[in-house]
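Taken in order, these protein sequences are the chains called V and Z.
If you use the UniProt record's numbering, the first sequence corresponds to residues 1 to 369, in order.
If you use the UniProt record's numbering, the second sequence corresponds to residues 1 to 490, in order.
First up is the structure itself, then whatever we jot down about it.
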Amino acid sequence: MMEEVNEVTSTLSVDIQSIKVTEVVKDGHTLTFLIESEKLSGTGVYHVDRTYDDFEWLQQHLFSQEEVSGIQGVIFPPLPVKAQVNASAKVIKQLGILGLGEWQAYCKAMETFVRQIAAHSILGKNNAVEIFLTSSDPPGRHRVRKNIFNRLSQAMEGMRKEGHKDVDEFFQTERDHNLVFTGCAKTAAERFLDVVQTEQKIAVACGHFSTALRLCVEQGEDPDELDFTKVCVKLSEVFESIQKNVTSVAENNVSTLGLGLDLESRYQEAEKEMLYRRTCKLVELETTRRNAEKAKPVKKAAMEEVKKAAETEFDHISGVAKEEIARFQAARVKMLQQALVQWCEKQLLTAKESADQFNQHLQAFRGMA
Amino acid sequence: MSWRTGRTCSRNRLPLWSQAQPVCLLKTSAPTQTDPNGTRCLMTIQRTCSQRPQRRFRWTVQRGTSCCLMARRPPSPPSPPPISILTPRHDDMFTHSSFDEIEEEKGDDSFDMHISVSDPEKVGDGMNAYMAYKVSIKTSISLFKSQEFSVKRRFSDFLGLHSKLASKYLHIGYIIPPAPEKSIVGMTKMKVGKEDQSSNEFVEKRRSALERYLMRTVKHPILLKDPDVLQFLESSELPRAVSTQALSSAGLLRMVNKAAEAVNKMTIKMNESDAWFEEKQQHFENLDVQLRKLHASVESLVCHRKELSVNTAQFAKSAAMLGNSEDHTALSRALSQLAEVEEKIDQLHQDQANGDFYLFSELLGDYVRLIIAVKGVFDHRIKTWQKWQDSQMLLQKKREAEAKMQFNNKPDKLQQAKDEIKELEGKVEQGERDFEQISKTIRKEVSRFEKERVTDFKAIIIKYLESLVQTQQQLIKYWDAFLPEAKAIS
Numbered sequence: 001m002m003e004e005v006n007e008v009t010s011t012l013s014v015d016i017q018s019i020k021v022t023e024v025v026k027d028g029h030t031l032t033f034l035i036e037s038e039k040l041s042g043t044g045v046y047h048v049d050r051t052y053d054d055f056e057w058l059q060q061h062l063f064s065q066e067e068v069s070g071i072q073g074v075i076f077p078p079l080p081v082k083a084q085v086n087a088s089a090k091v092i093k094q095l096g097i098l099g100l101g102e103w104q105a106y107c108k109a110m111e112t113f114v115r116q117i118a119a120h121s122i123l124g125k126n127n128a129v130e131i132f133l134t135s136s137d138p139p140g141r142h143r144v145r146k147n148i149f150n151r152l153s154q155a156m157e158g159m160r161k162e163g164h165k166d167v168d169e170f171f172q173t174e175r176d177h178n179l180v181f182t183g184c185a186k187t188a189a190e191r192f193l194d195v196v197q198t199e200q201k202i203a204v205a206c207g208h209f210s211t212a213l214r215l216c217v218e219q220g221e222d223p224d225e226l227d228f229t230k231v232c233v234k235l236s237e238v239f240e241s242i243q244k245n246v247t248s249v250a251e252n253n254v255s256t257l258g259l260g261l262d263l264e265s266r267y268q269e270a271e272k273e274m275l276y277r278r279t280c281k282l283v284e285l286e287t288t289r290r291n292a293e294k295a296k297p298v299k300k301a302a303m304e305e306v307k308k309a310a311e312t313e314f315d316h317i318s319g320v321a322k323e324e325i326a327r328f329q330a331a332r333v334k335m336l337q338q339a340l341v342q343w344c345e346k347q348l349l350t351a352k353e354s355a356d357q358f359n360q361h362l363q364a365f366r367g368m369a
Numbered sequence: 001m002s003w004r005t006g007r008t009c010s011r012n013r014l015p016l017w018s019q020a021q022p023v024c025l026l027k028t029s030a031p032t033q034t035d036p037n038g039t040r041c042l043m044t045i046q047r048t049c050s051q052r053p054q055r056r057f058r059w060t061v062q063r064g065t066s067c068c069l070m071a072r073r074p075p076s077p078p079s080p081p082p083i084s085i086l087t088p089r090h091d092d093m094f095t096h097s098s099f100d101e102i103e104e105e106k107g108d109d110s111f112d113m114h115i116s117v118s119d120p121e122k123v124g125d126g127m128n129a130y131m132a133y134k135v136s137i138k139t140s141i142s143l144f145k146s147q148e149f150s151v152k153r154r155f156s157d158f159l160g161l162h163s164k165l166a167s168k169y170l171h172i173g174y175i176i177p178p179a180p181e182k183s184i185v186g187m188t189k190m191k192v193g194k195e196d197q198s199s200n201e202f203v204e205k206r207r208s209a210l211e212r213y214l215m216r217t218v219k220h221p222i223l224l225k226d227p228d229v230l231q232f233l234e235s236s237e238l239p240r241a242v243s244t245q246a247l248s249s250a251g252l253l254r255m256v257n258k259a260a261e262a263v264n265k266m267t268i269k270m271n272e273s274d275a276w277f278e279e280k281q282q283h284f285e286n287l288d289v290q291l292r293k294l295h296a297s298v299e300s301l302v303c304h305r306k307e308l309s310v311n312t313a314q315f316a317k318s319a320a321m322l323g324n325s326e327d328h329t330a331l332s333r334a335l336s337q338l339a340e341v342e343e344k345i346d347q348l349h350q351d352q353a354n355g356d357f358y359l360f361s362e363l364l365g366d367y368v369r370l371i372i373a374v375k376g377v378f379d380h381r382i383k384t385w386q387k388w389q390d391s392q393m394l395l396q397k398k399r400e401a402e403a404k405m406q407f408n409n410k411p412d413k414l415q416q417a418k419d420e421i422k423e424l425e426g427k428v429e430q431g432e433r434d435f436e437q438i439s440k441t442i443r444k445e446v447s448r449f450e451k452e453r454v455t456d457f458k459a460i461i462i463k464y465l466e467s468l469v470q471t472q473q474q475l476i477k478y479w480d481a482f483l484p485e486a487k488a489i490s
């Protein structure tokens with residue numbers, strides 16, 4: 001039975017660090033994610049299955065928290081684009097590095113999404129989060145009320161608002177910086193994806209070469225022919241090792257720095273959206289101010305009310321935004337550091353293993369009579 | 001009759017060889033009563049060449065029993081020259097009681113000749129320009145006048161050499177290394193003077209191909225002694241090679257295909273009495289197919305590696321930009337370091353791509369072309385057989401005609417017929433000899449080819465593996481240096 005989502009905030013009953021997307025199951029065209037989380041009471045583990053619709057439900061609920069003051073100043077953890085089985089080329093391009101392989105990276109990104117929401121000081125308190133993680137019924141079947149952040153209509157109103165000069169230097173700097181950084185991060189993520197995809201192609205080519213070598217087996221008993229066969233077989237093993245090495249390198253790339261750059265890129269976009277919302281509010285505020293000034297005495301009081309409301313809301317938003325930005329900057333540095341350290345450590349390990357393996361092959365060849 | 005120890009063999013006066021190498025007595029026959037003065041024995045003696053330890057010379061001599069031999073095992077005292085008794089190796093080697101040079105068994109490790117092709121230099125300009133290469137030789141083989149020397153050669157000189165060797169040796173069954181590939185596009189670019197990366201790559205590819213061509217040629221024991229080869233390597237001025245069109249490998253392939261077509265069109269199929277040839281021919285057909293597949297596979301690998309290098313460089317640039325726009329100092333530094341590491345890795349990818357290419361791709365390409373030469377040699381054998389058969393058939397006809405003439409009693413024509421028959425008999429004998437010789441040569445050549453193939457591949461693979469190990473070790477260094485930078489972000 002579907003639980004009612006009431007607006008009373010609650011604290012989460014699970015350990016945030018234990019939230020895991022353990023598996024993804026393909027069911028026709030839909031992907032179902034199995035999510036696990038440990039009860040804080042220590043009495044067990046919640047197992048739930050969620051589709052993308054459920055994630056969207058969660059996101060919409062969080063977007064539509066009108067009663068939370070300054071909610072528009074929150075940088076919402078970004079939800080990845082919807083993944084589909086046999087996705088179109090456009091979707092695959094949007095997914096970027098998350099679209100590679102059998103959705104391992106995608107699962108990790110979804111897991112990060114849930115964890116970030118659960119850990120958020122404002123968002124984590126929403127009951128929807130608890131339901132999402134613990135309810136055995138998938139919550140996403142109900143259509144939610146329209147969210148107030150309809151980006152589409154905002155986009156239509158235009159880029160002209162994006163460039164609107166800010167009243168606060170802190171925010172102006174942040175907006176300028178974010179503009180540059182969003183572009184850089186996106187480019188870096190895309191180019192890293194190119195690197196990984198080429199590595200995968202190399203792995204495939206090595207596999208082909210290795211297979212073709214094994215077909216060079218000679219039939220006869222001529223000792224020279226047998227010698228050559230031996231050489232071909234050993235070389236085929238060498239290329240299998242190379243294939244393993246390149247595959248490993250690519251996997252390391254995806255699971256650490258790839259995910260990191262992708263998250264960074266999407267998070268910068270999320271910050272951009274927040275700053276944009278604030279800018280729109282600023283424009284609105286300035287409009288109400290002008291209206292209040294120009295208002296005829298009859299309407300003046302009403303206009304002043306509107307102006308005051310707008311000012312209050314704007315201040316709340318700015319307040320929340322400042323905190324969010326500070327939190328965001330700290331979090332992203334930590335996230336990138338972790339990604340870089342893990343990436344480096346994994347690649348170092350792979351390089352050492354490969355060096356050993358290649359050395360073994362080398363000794364074997366040198367020892368061959 | 002037993003041999004007494006005590007005195008040395010009198011056969012010490014051997015031309016050109018030093019006394020340092022011991023003479024080995026391989027076997028002696030039982031004493032024969034050939035000389036009224038006493039019994040003599042046939043001795044087969046072997047001596048190793050002092051220049052190339054794996055080249056041995058054997059000869060048989062008749063010696064009287066008064067010649068005594070001292071049997072000793074190595075190490076032997078400096079004088080008198082020691083003689084040790086060895087067990088004979090292959091029985092078929094003893095069919096000739098004459099001076100016979102034996103092929104080396106696994107000689108490449110101590111093959112004492114090193115050729116390098118270097119310093120490509122553009123000579124002249126416009127469409128008459130050409131690239132001159134320095135060919136440097138280092139050797140201690142006594143065939144050559146000095147131990148280290150060099151000459152300047154251009155591409156058409158190499159083609160000219162190959163054309164001469166092909167005309168002398170292909171039709172008698174020797175597998176001569178195919179000439180390096182011609183390339184109209186590459187040549188024109190170079191002449192026009194574009195100093196870009198692709199024309200540099202072209203020159204480097206050609207330089208490497210010329211070096212491999214020469215090394216393969218001199219490793220062949222017969223070709224090494226060929227006067228054209230010696231002239232090519234030693235003489236400072238070489239007459240300009242003309243009509244080098246026909247002998248590019250494409251040209252050679254055309255030639256071989258034409259010969260093959262001609263053979264196929266013949267209604268008489270060769271009666272292959274030797275299963276070895278049939279098997280080997282099939283074997284080379286298979287090998288041809290496999291090598292081409294491998295070659296295509298490696299070319300695709302090289303292509304991807306080059307792509308990886310480009311992509312890595314692009315990523316490095318974008319990482320640098322990230323680092324530049326980053327406010328957080330430590331993160332900014334780490335990102336810039338990341339960009340540097342990626343640039344270094346890009347260089348490694350390029351080196352690896354070159355390794356893939358110059359080691360494997362070119363090796364496989366060379367062998368694809370070598371197989372064409374091998375197939376050509378097999379086809380020449382069939383042609384030789386055909387020639388022999390034709391002479392035989394003609395002889396038969398002439399004999400029948402002669403018989404008819406005898407019956408019809410035409411004395412003058414008869415004499416002519418008899419003369420023609422005599423000539424044809426000689427031709428048939430020669431044809432048979434040629435066929436046997438080419439068959440024998442091909443067997444030797446195929447055996448040499450197969451041994452060299454193994455050695456070639458092993459050498460290249462070892463080089464490749466060494467480069468792989470080195471790349472990984474470089475990567476380890478880079479990652480080790482980067483790790484503290486990444487950890488320092490806080």
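Quick reminder that beta carbons are idealized off the backbone N, C-alpha and C, glycines included.
DSSP places V/Y52 within a helical segment (H, G or I) once states are collapsed to three. Under the Cβ criterion of 9 Å, Z/Y464 is counted among the residues facing chain V.
Cβ-Cβ distances below 6 Å link Z/E148 to K138 in the same chain, with the five nearest sequence neighbours on each side left out; the list follows chain order.
Interface annotation, V/K322: not in contact with chain Z, CB-CB separation never under 9 Å.
Secondary structure at Z/A339: helix, using DSSP grouped into helix, strand and coil. Against chain Z, the beta carbon of V/R327 has no neighbour under 9 Å; the closest one sits roughly 14 Å away.
Taking C-alpha positions only, Z/E181 is separated from Z/H295 by approximately 15 Å.
Within the region 445-464 of chain Z, contact with chain V at the beta-carbon level (separation under 7 Å) is assigned to S447, E450, K451, R453, V454, F457, K458, I461 and I462. For the C-beta of Z/R305, the chain V residues within less than 8 Å are, from N- to C-terminus, I202.
DSSP places V/L34 inside the beta strand (DSSP E), whose first and last residues are T30 to E38. A residue is called buried once 16 or more other Cβ atoms fall within 10 Å of its Cβ, and Z/S309 is buried on that count.
Beta bridge pairing from DSSP links V/M274 with no other residue.
Distance from the CA of Z/K219 to the CA of Z/F449, rounded to the nearest whole angstrom, comes to 11 Å. Interface criterion met: the Cβ of V/V333 is under 9 Å from a Cβ in chain Z. The three-state secondary structure of Z/T384, taken from DSSP, is helix. With contacts defined as CB atoms closer than 9 Å, Z/S391 and Z/V428 qualify as a contacting pair.
Nearest CB-CB separation between V/V45 and chain Z: not below the 9 Å threshold. Nearest CB-CB separation between Z/H220 and chain V: not below the 9 Å threshold. A distance below 9 Å separates the beta carbons of Z/Y213 and Z/P177. Membership of V/F192 in the alpha helix (DSSP H) is indicated by the continuous run E169 to R214.
For Z/L483, the neighbours in chain V by C-beta distance under 8 Å run, in chain order, V341, C344, E345 and L348. Residue-level contact by beta carbon fails for V/H29 and chain Z, as no gap is shorter than 9 Å. Restricted to the region 135-160 of chain Z, the beta strand (DSSP E) segments that are unbroken, complete and at least 3 residues in length are 148-154, listed in chain order.
The three-state secondary structure of V/T256, taken from DSSP, is helix. Z/A353 counts as buried, since no fewer than 16 other beta carbons sit within 10 angstroms of its beta carbon. Comparing alpha-carbon positions, the option among Z/A488, Z/Y133 and Z/L170 lying closest to Z/D157 turns out to be Z/Y133. Annotation: Cβ neighbours of V/K352 in chain Z (cutoff 7 Å, chain order): I476. With fewer than 16 other Cβ atoms inside 10 Å of its own Cβ, V/V45 counts as exposed. It is roughly 21 Å from the alpha-carbon of V/E111 to the alpha-carbon of V/L193. Separation of the CB atoms of V/W103 and V/V24 is rounded to 5 Å, and the pair is thereby assigned contact status at 8 Å. If you draw a straight line from the Cα of V/D356 to the Cα of V/V204, it is about 22 Å long. Ranked by Cα distance from Z/D356, the first of Z/A373, Z/K306 and Z/R399 is Z/K306. Under the three-state reduction of DSSP, V/M303 is assigned to helix. Note that the C-beta distance between Z/K164 and Z/D228 is below 9 Å. As computed with DSSP, Z/K182 is found in no beta bridge at all. Only residues of its own chain outside the window of five on either side were considered, and among them E199, Q347 and T350 have a CB closer than 8 Å to the CB of V/V249, listed in chain order.
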